[in-house]
Amino acid sequence: MSSEGQVRKAISFEVDERLIPLPALQQAAHEFALVANINIESKPGGMWRLTISPSQGDALLFEGTFRSRAHDIAQQHRINDQTRTVREALVKAALWESVPK
Amino acid sequence: VSAGAGLKSRFQTADMFCPVEKAYQLAPFRFARIPSVPHRVLLVNEVGEFAFLAESEFATFCNSSLDPASDAYRSLRSKHFLLDEYAEAFWPYAVSQYRTRKSFIVGGPALHIVVVTLRCDHSCSYCQVSRQTPDASRFDMTEETAAHVTDRILESPADELKVEFQGGESLLGFARIRQLTEAISVRAAAEGKRIEFVVASTLNELTDEQLEFLREHRFHLSTSIDGPAWLHNRNRARPGKNSYEMTVAGIARARAALGNDAVGALVTLTRDSLSCPEEIIDTYVSLGFSSIFLRPLSQYGFAKKTHDRIGYSQADFLKFYDRALSRLVDLNSRGIQLEETYAAILMKKILTPYASGYVDLCSPAGAMLGALVYNYDGGVYASDEGRMLAESGDFKFRLGNVCQPRHELFASDSARQILAASVAESLPGCADCAFVPYCGADPVGNHAETGSLIGDRRISSFCQRHTGLFHRLFAHLADPSSETARLLSAWAFGRAYSSMARSMSS
Chain A
2 MSSEGQVRKA ISFEVDERLI PLPALQQAAH EFALVANINI ESKPGGMWRL TISPSQGDAL
62 LFEGTFRSRA HDIAQQHRIN DQTRTVREAL VKAALWESVP K
Chain B
69 VSAGAGLKSR FQTADMFCPV EKAYQLAPFR FARIPSVPHR VLLVNEVGEF AFLAESEFAT
129 FCNSSLDPAS DAYRSLRSKH FLLDEYAEAF WPYAVSQYRT RKSFIVGGPA LHIVVVTLRC
189 DHSCSYCQVS RQTPDASRFD MTEETAAHVT DRILESPADE LKVEFQGGES LLGFARIRQL
249 TEAISVRAAA EGKRIEFVVA STLNELTDEQ LEFLREHRFH LSTSIDGPAW LHNRNRARPG
309 KNSYEMTVAG IARARAALGN DAVGALVTLT RDSLSCPEEI IDTYVSLGFS SIFLRPLSQY
369 GFAKKTHDRI GYSQADFLKF YDRALSRLVD LNSRGIQLEE TYAAILMKKI LTPYASGYVD
429 LCSPAGAMLG ALVYNYDGGV YASDEGRMLA ESGDFKFRLG NVCQPRHELF ASDSARQILA
489 ASVAESLPGC ADCAFVPYCG ADPVGNHAET GSLIGDRRIS SFCQRHTGLF HRLFAHLADP
549 SSETARLLSA WAFGRAYSSM ARSMSS
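Now the structure itself:
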């Protein structure tokens with residue numbers, strides 16, 4: 002609800018590319034695409050402008066849910082990038098040792 | 069400017085510009101937030117170990133700046149979430165655990181389902197196949213087809229095989245069960261393989277002669293009890309409207325001949341079932357079962373047509389499951405042991421590295437790699453659900469004919485497409501899911517729902533159901549001293565609740 006007590010049908014906000022890169026925004030947008038229209042625009046200075054209109058409920062509340070999820074996805078991507086070498090080495094070692102010799 | 073001169077330096081000290089040696093490196097893991105566990109984050113690593121961290125600890129951990137002297141650090145190191153100066157301990161442990169989790173791949177399909185006939189005297193509301201009347205013998209497997217089935221089953225490289233006879237009503241094709249059992253037993257003994265035989269049946273028409281044969285070959289019997297008599301008879305219509313009474317009588321005769329542990333039962337949940345979890349569970353207690361498997365309805369084949377009448381959403385199933393679990397906790401805490409098989413399978417996956425043998429939750433998918441289905445007409449399918457789809461005209465999961473050798477079946481176009489969509493760790497929506505080490509790929513369900521073997525997790529009933537179940541189980545595990553967590557742990561390790569409660573309190 003807005004401060005006037007009205008349900009907001011759409012909301013726009015900007016996010017910093019360094020905090021939530023585009024792939025994370027796109028993945029979050031895909032996850033929510035069945036319940037909201039989500040538009041992502043490029044802005045100067047490494048920013049993304051998002052416009053979200055949920056099919057139900059207050060857009061302001063939805064913004065919080067979306068930001069939180071996009072943040073988590075970006076965090077998971079960072080973890081994946083940092084740990085990819087270990088993961089690949091682990092899977093290769095485990096499966097290679099499983100191969101009947 | 070010298071600080072000693074009493075002036076504040078305009079420059080940072082030199083060590084600020086040196087690369088910081090981080091105390092540890094992250095090991096691969098995924099994370100999730102459980103709705104009923106606020107302010108804590110669940111972390112699950114690549115080999116299936118899990119930990120809960122407070123939000124602030126989680127952020128610190130991800131920045132590689134968690135204090136090595138803290139309890140959280142020691143716990144995460146012991147569970148292999150990080151690599152530090154003791155990293156050499158990580159590799160042998162993690163490799164061994166990962167290999168154990170995926171060990172089912174090496175043996176090839178261990179479950180072989182043989183549909184000996186489509187004939188059946190029941191007309192169940194949720195039947196997934198086109199059941200035939202008891203006199204329609206053209207829907208029986210022929211002797212020649214059964215001989216090929218024997219060859220295919222024994223081509224499997226696994227040393228331990230399970231052969232499950234299904235129908236229709238499988239006992240109406242008992243001559244074929246006898247032929248297959250005898251042929252497989254002789255050859256398996258010569259090849260050093262161990263075989264477990266199972267018959268899925270209503271047990272309505274069980275004869276003394278059949279019982280003697282089943283006893284001789286140490287069969288396990290799997291039947292259906294959907295709940296109290298009114299519910300069971302409504303779901304499983306037959307002439308006389310007495311399916312429940314006949315099945316209960318069959319269970320008693322089978323137990324007397326084969327022993328109590330040789331007879332198990334499954335529940336199929338329809339919309340009517342959702343209002344009475346307590347009644348269903350109490351029925352199992354009164355019939356003397358030690359486990360109950362609360363299976364939701366399959367929406368494959370002919371069953372899809374009845375969804376509007378007897379189907380339900382996954383959210384409704386999960387509400388039912390909550391009530392059922394409460395009842396089970398209450399019963400077990402009063403000394404009445406009854407295990408819920410679905411939760412036991414998931415808990416075993418969460419708390420141990422061992423494969424459960426449950427083909428629905430494997431990655432790579434259990435379809436084809438874990439199980440093969442031989443239809444009465446000689447068609448070979450990647451899974452039972454794939455066979456059900458074929459009954460309604462969709463042959464996507466038909467690998468070929470039983471006359472073809474295994475290497476041809478596994479090189480078919482269908483097989484290649486299934487394999488390509490079988491690794492959950494590489495599927496969109498699954499790859500970053502915290503529960504993927506415990507979950508599986510469902511190419512058959514994906515195809516049935518979306519027409520694509522990859523599917524869409526946003527609308528996948530498989531994903532909604534399992535995510536919901538994992539959320540519930542981890543919510544209980546977040547408080548390991550709770551009664552429900554103790555019960556779930558007891559099920560994971562196949563122990564009685566009372567012994568688990570005693571060992572945890574001591």
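Line by line, the protein sequences are chains A and B.
Count the first sequence with my numbering and you get residues 2 to 102, in order.
Count the second sequence with my numbering and you get residues 69 to 574, in order.
Note that CB positions come from ideal geometry on N, CA and C, so glycine has one too.
- Counting along the chain, P160(B) sits inside the alpha helix (DSSP H) bounded by residues 158-169.
- Considered as a whole, the segment 223-300 of chain B harbours 242-259, 276-284 as its complete alpha helix (DSSP H) runs of no fewer than 4 residues, in chain order.
- Among the bridge pairs identified by DSSP, D17(A) is matched with M48(A).
- Of all alpha-carbon atoms in A324(B), I348(B), A325(B), the one lying nearest the alpha-carbon of V335(B) is that of I348(B).
- If you draw a straight line from the Cα of C430(B) to the Cα of I39(A), it comes to about 35 Å.
- In the three-state scheme derived from DSSP, where H, G and I count as helix and E and B as strand, A439(B) is classed as strand.
- In this structure, the straight-line span from the alpha carbon of R50(A) to that of A37(A) is close to 16 Å.
- Here the alpha carbons of C498(B) and L393(B) stand approximately 27 Å from one another.
- Between G116(B) and V184(B), the C-beta gap is not smaller than 7 Å, which leaves the two residues out of contact.
- Put simply, of M415(B), R302(B), L144(B), T291(B) the residue whose alpha carbon is nearest the alpha carbon of G318(B) is T291(B).
- Chain order gives the chain A residues near L94(B) as I80, Q83, T84, where near means a beta carbon separation below 7 Å.
- Within chain A, no residue has its beta carbon less than 8 Å from that of D152(B); the closest one is some 13 Å off.
- In this model, Y449(B) and A91(B) are separated by some 52 Å (Cα to Cα).
- Below 8 Å, enough C-beta pairs join the segment 377-387 of chain B and the segment 328-347 of chain B to call them touching: three or more.
- Here I418(B) is buried: its Cβ has 16 or more other Cβ atoms, across all protein chains shown, within 10 Å.
- Runs of the alpha helix (DSSP H) spanning 4 or more residues and lying entirely within the segment 449-501 of chain B occur at 452-459, 474-478, 481-488, in chain order.
- Around the C-beta of H190(B), 16 or more other C-beta atoms lie within 10 Å, and the residue is accordingly described as buried.
- For N113(B), the secondary structure class from DSSP, reduced to helix, strand or coil, is strand.
- The secondary-structure analysis by DSSP pairs T336(B) across a beta bridge with R363(B).
- Neighbours of V163(B) in chain A, taken as residues whose beta carbon is under 8 Å from its own, are L91, A94, A95, E98 in chain order.
- Where R98(B) is concerned, the enclosing beta strand (DSSP E) starts and stops at 97-100.
- If you ignore the 5 residues before and after F385(B), its C-beta comes within less than 6 Å of the C-beta of P364, all in its own chain and listed in chain order.
- At a C-beta separation below 9 Å, Y166(B) has these neighbours in chain A: L91, V92, A94, A95, L96.
- Per the C-alpha coordinates, the member of R167(B), P225(B), F129(B), V112(B) positioned closest to L437(B) is P225(B).
- At a C-beta separation below 9 Å, R9(A) has no neighbours in chain B, since its nearest C-beta there lies roughly 24 Å away.
- Neighbours of Q77(A) across chain B, judged by C-beta separation under 8 Å: R98, F99, D500.
- Neighbours of L35(A) across chain B, judged by C-beta separation under 8 Å: R526, I527.
- Neighbours of C130(B) in chain A, taken as residues whose beta carbon is under 7 Å from its own, are Q76, I80 in chain order.
- Within the model, the alpha-carbon separation for F478(B) versus A256(B) is close to 22 Å.
- Cβ contact annotation for R145(B) (same chain, cutoff 6 Å, sequence separation greater than five): none.
- Under the 7 Å criterion on CB atoms, R88(A) is classed as interfacial with respect to chain B.
- Excluding residues up to 5 positions away in sequence, V353 lie with their Cβ nearer than 7 Å to the Cβ of I404(B) in the same chain.
- Of A155(B), R474(B), L362(B), the smallest CA-CA separation from R395(B) is found for L362(B).
- In chain order, R283 place their CB closer than 6 Å to the CB of L326(B), counting only its own chain and leaving out the 5 sequence neighbours on each side.
- Between the segment 463-473 of chain B and the segment 440-448 of chain B there are three or more C-beta pairs closer than 8 Å, enough to call the two in contact.
- In this structure, A60(A) sits away from A30(A), with a CB-CB distance that is not shorter than 7 Å.
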